[in-house]
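Numbering (our numbering), first residue to last: 20 to 530.
Ideal Cβ positions, reconstructed from N, Cα and C, are used throughout, including at glycine.
All of these numbers come straight from a predicted model, not from anything done at the bench.
Let me begin by presenting the structure, written as structure tokens, before commenting on it.
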């Protein structure tokens, strides 16, 4: 059976899924063109870390907010314009949050000591939606993808490890990289995920050692050998999983008897390395700074940055003793971040798409339903598919995936019961009363979702607003009926339908 959209709007017609996927793929490819030759001013700007001095117009503000917090409400756009880029970045990197945000998020767990899988997902989704500083959760997600660890290996007694893991990523993600790597390496969730608790002096396990070099610090085949993997794995021995019968919880400890205290040779250097000293050696002797800088830049700006730019970022990170905040400030303030190449569209993941729509429009569904939808789409936070992390870009484009995303956006547009309970409505995204013509409402929606339709598409949107559509039995009825932006029923029915239609435009799937 061909999958279809479970529309709350019986009047909506969409393209066939395969045509839709093709349209998005073509748009994505068109938006990802080359950066130009070496003498091209656009190419020079794309490689420049000089401070951006261009206009902080609507396009620049949306680009900044869509990349750093996945969505932008009208209030966000106005506040960024009011205080300016420097003040916003300083506030964004301060990681201050409302006093009770974490307390309220923890309630989604039920029992903080024995959370369920869905409780952990809801906890994080709550923070993604409610944290005024969306960047804090976006950066946490970046590190969650980089250190791709899944709660799937945890049992009831150890699932609380993942709460601590998320809190570690959130707290340390903009701190000192050297200390951050050491804490992640010793994190109980990581030690279970990559078999660190099974890595002993008598029976070494190379799983974590391999991924530490290949994925977390250097990149595949960049400055290490199989012998280095074996030797660094010896330095990572000694941790074990234990169980407390009184509390019913598992915990991880360091056991000297399981640790290999012998001399190791890593990167040609001999010594009795343990985990901390082996991580220090890796940072000091190999291109960890280059790998991390390239990953951060690729996620927030554009993929495959020039080698010279990566080297400049790495030098800056080393100059600041591996503190990440100065690096992030340099990055988000740079010409490269605001360059035409960086502004070219990139396909959102399903999670990014959902958070973008919710934070931009203010329309929500219950967290349980959001969790179910993201699970169906293969992008359930806390459960990446493998240690390599989540798919990227066009890898998310498929006929079924686009239809499932449409179903999710449809739920967000039509769950009036839940939204009324929370006091959520369309007023914040509409023009002021007395100025709600069909054209003004459409322009407002197009602006917020950053969609630029062609003239024919624009007229179709206006035609949709200017007609009454209903069902008589199984027959779809239509009648021209001028849009009245002061009529609450018309606004509720037609603007919700318009939101869905505009959000399905291929350009709305790009960040």
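Do the region 518–525 and the region 422–435 meet, that is, are 3 or more Cβ pairs less than 8 Å apart?
yes
According to DSSP, is residue 353 helix, strand or coil?
strand
Supposed contact pair residue 220 and residue 256 - C-beta distance, whole angstroms, cut 8 Å:
5 Å
Are three or more beta carbon pairs between the region 132–145 and the region 384–397 nearer than 8 Å?
yes
Using only the alpha-carbon positions, how far apart do residue 66 and residue 343 sit?
20 Å
Using a 10 Å radius around the Cβ and a threshold of 16 neighbouring Cβ atoms, would you call residue 48 buried or exposed?
At residue 48, the pLDDT of 44 sits below 50, so the modelled position is not reliable; the number obtained from the coordinates is stated separately. Exposed is the call here.
To the nearest angstrom, how far is the alpha carbon of residue 89 from that of residue 503?
32 Å
Apart from the five residues just before and just after residue 52, which ones in its own chain have a Cβ nearer than 8 Å to its Cβ?
Here residue 52 scores only 42 on pLDDT, less than 50, and its place in the model should not be relied on; the value that follows carries that caveat. Only 363 meet the Cβ criterion.
DSSP three-state assignment for residue 447, whether helix, strand or coil
helix
Check for me: the beta strand (DSSP E) holding residue 273 runs from which residue to which?
268–273
For residue 279, which of 247, 223, 202 has the nearest alpha-carbon?
223
Considering only the beta carbon of each residue, do residue 211 and residue 260 sit closer than 8 Å?
yes
Given that a residue counts as buried once 16 or more other Cβ atoms are within 10 Å of its Cβ, and exposed if not, what is residue 304?
exposed
Helix or strand or just coil, what does DSSP make of residue 77?
helix
Within its chain, find whatever has a CB closer than 7 Å to the CB of residue 457; leave out the 5 residues flanking it on each side and keep chain order.
481, 484, 485, 502
Considering only residues of the same chain and omitting the five flanking positions on each side of residue 208, which have a CB-CB separation below 6 Å?
168, 180, 181, 184
For residue 466, does the three-state DSSP call read helix, strand or coil?
helix
Does residue 311 come out as helix, strand or coil in the three-state DSSP assignment?
helix
In whole angstroms, what is the alpha-carbon distance linking residue 309 and residue 329?
6 Å
Any idea which residues DSSP pairs residue 491 with across the strands?
494
Within a Cβ cutoff of 7 Å, which residues of the same chain sit near residue 228, ignoring the five residues on either side of it in sequence?
248, 251, 252, 255
Going by C-alpha to C-alpha distance, which of 394, 265, 298 sits closest to residue 232?
298
The region 344–360 / the region 402–413 touching (three or more Cβ pairs under 8 Å)
no
Could you tell me the alpha carbon to alpha carbon distance between residue 237 and residue 307, rounded to whole angstroms?
5 Å
Buried/exposed call for residue 171, threshold 16 Cβ in 10 Å
exposed
C-alpha distance - residue 380 paired with residue 447, whole-angstrom precision
8 Å
Can you tell me whether residue 321 is helix, strand or coil according to DSSP?
coil
Buried versus exposed, by CB contacts within 10 Å (16 or more), residue 262
exposed
Beta carbon of residue 529, beta carbon of residue 366: below 8 Å?
yes
With a threshold of 16 other CB atoms inside 10 Å of the CB of residue 372, please say whether the residue is buried or exposed.
buried
Residues bridged to residue 529 [DSSP beta-bridge criterion]
366
Evaluate contact between the region 150–162 and the region 71–90, counting only Cβ atoms and requiring at least three cross-stretch pairs below 8 Å.
yes
Collapsed DSSP secondary structure at residue 260 in the structure displayed:
strand
On the CB-based measure, 16 or more other CB atoms within 10 Å of its CB, does residue 460 come out buried or exposed?
buried
When you compare only the Cα positions, how much space is there between residue 35 and residue 75?
Low per-residue confidence applies at residue 35: pLDDT is 47, beneath 50, and the placement is therefore not dependable, though the value from the model is reported in the following sentence. Each residue's Cα considered, the two are about 38 Å apart.
So is residue 451 buried or exposed if we call it buried at 16+ other beta carbons inside 10 Å?
exposed
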